[in-house]
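Chemist: In the numbering used here, the protein residues as written are 186 to 404.
Structure provided below as structure tokens; questions to follow.
Right, here's the structure in full:
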């Protein structure tokens, strides 16, 4: 093998070492120069929201608030009510009247006087049963007959002095309004013999009973 071929790698290796050493020297110098320069001023940024905590700080003694002294409460003076004496007036004593004895005059006998007493006039009640009145019987409603309704109605009737019927009202119901109305309707058309007092026809109230009864065959 030729000698120049083996020497070439050795030369290149030596060059590499030199280059590396040169780079190290240059960096070392730069670092030394940088270290020799004065340090730049340090900037301290203080946050506006920072909170400093103080330790070992003795708390200040608490100051008691001074309360204004209230004026002493005085009890209102109670005045005793003035009692007015009540004078009770005594009623004057009324003496019992003394009745003087009265002399009784002598009674002289006189002839008896005949007293004329009028014959009493008979007072009569109204009448509705006279045959000549021809008062019709109340109509028995067909619905009431089918339903088997029966009962007794007691009416309060005003009989006028001329014998006509005035106001009519129900004193006691039969228990069925239909029967009550039928009785009132019939009586309002009736004629009456008016009541008489002291010989005169007068208006008078009296009671009229109306009976509704079903007649059953075979009884």
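All C-beta atoms, glycine included, are put in the ideal place defined by N, C-alpha and C.
Here the structure is a predicted model, which is why all the values come from computation and not from measurement.
May I ask you to report which of helix, strand or coil DSSP gives residue 352?
Modeler: The residue given as residue 352 occupies position 167 in the chain shown. Residue 352 falls in the strand class under three-state DSSP.
Chemist: Report the option in 207, 198, 208 and 398 whose CA atom is closest to the CA atom of residue 331.
Modeler: The residue given as residue 331 occupies position 146 in the chain shown. Cα-wise, what sits closest to residue 331 is 398.
Chemist: Please go through the same chain and pick out, in chain order, the residues whose beta-carbon is closer than 6 Å to the beta-carbon of residue 388, but skip the five residues on each side of it.
Modeler: Numbered from 1 along the chain shown, position 203 holds the residue referred to as residue 388. Around residue 388: 345 and 346.
Chemist: In the DSSP assignment, what residue or residues form a beta bridge with residue 395?
Modeler: The residue labelled residue 395 in the question sits at position 210 within the chain shown. Beta-bridge pairing links residue 395 to 338.
Chemist: Report the rounded CA-to-CA distance for residue 323 versus residue 364, giving the unit in angstroms.
Modeler: For this step, residue 323 is matched to residue 138 along the chain shown. For this step, residue 364 is matched to residue 179 along the chain shown. Each residue's alpha carbon lies about 9 Å from the other.
Chemist: How many Å lie between residue 305 and residue 315 at the Cα?
Modeler: By 1-based counting over the chain shown, the position of residue 305 is 120. By 1-based counting over the chain shown, the position of residue 315 is 130. Annotation note: pLDDT 46 at residue 305 (below 50); position unreliable, no value reported.
Chemist: How many angstroms separate the CA atom of residue 313 from the CA atom of residue 367?
Modeler: Counting from one through the chain shown, the residue named residue 313 turns up at place 128. Counting from one through the chain shown, the residue named residue 367 turns up at place 182. The straight-line gap from Cα to Cα measures roughly 17 Å.
Chemist: Taking 8 Å as the threshold, find out whether the stretch 378–392 comes into contact with the stretch 345–359 through three or more Cβ pairs.
Modeler: These segments touch.
Chemist: Would you mind reading off the limits of the beta strand (DSSP E) that contains residue 383?
Modeler: Within the chain shown, numbered from 1, the residue matching residue 383 stands at position 198. Neither: residue 383 is in no beta strand (DSSP E) and is coded neither H nor E.
Chemist: In three-state terms, what does DSSP make of residue 312?
Modeler: Translated into positions along the chain shown, residue 312 becomes position 127. Correct three-state label for residue 312: strand.
Chemist: Helix, strand or coil for residue 331, going by three-state DSSP, please let me know.
Modeler: On the chain shown, residue 331 is found 146 positions in, with the first residue counted as 1. In this structure, residue 331 counts as helix in the three-state DSSP scheme.
Chemist: Ordered along the chain, which non-local residues of its own chain (more than five positions away) have a Cβ less than 7 Å from that of residue 309?
Modeler: On the chain shown, residue 309 is found 124 positions in, with the first residue counted as 1. Cβ neighbours of residue 309 beyond the five flanking positions: 380 and 381.
Chemist: Roughly how many angstroms lie between the CA atoms of residue 202 and residue 218, to the nearest whole one?
Modeler: In the chain shown, the residue the question calls residue 202 occupies position 17. In the chain shown, the residue the question calls residue 218 occupies position 33. Rounded to the nearest angstrom, the two C-alpha atoms are 24 Å apart.
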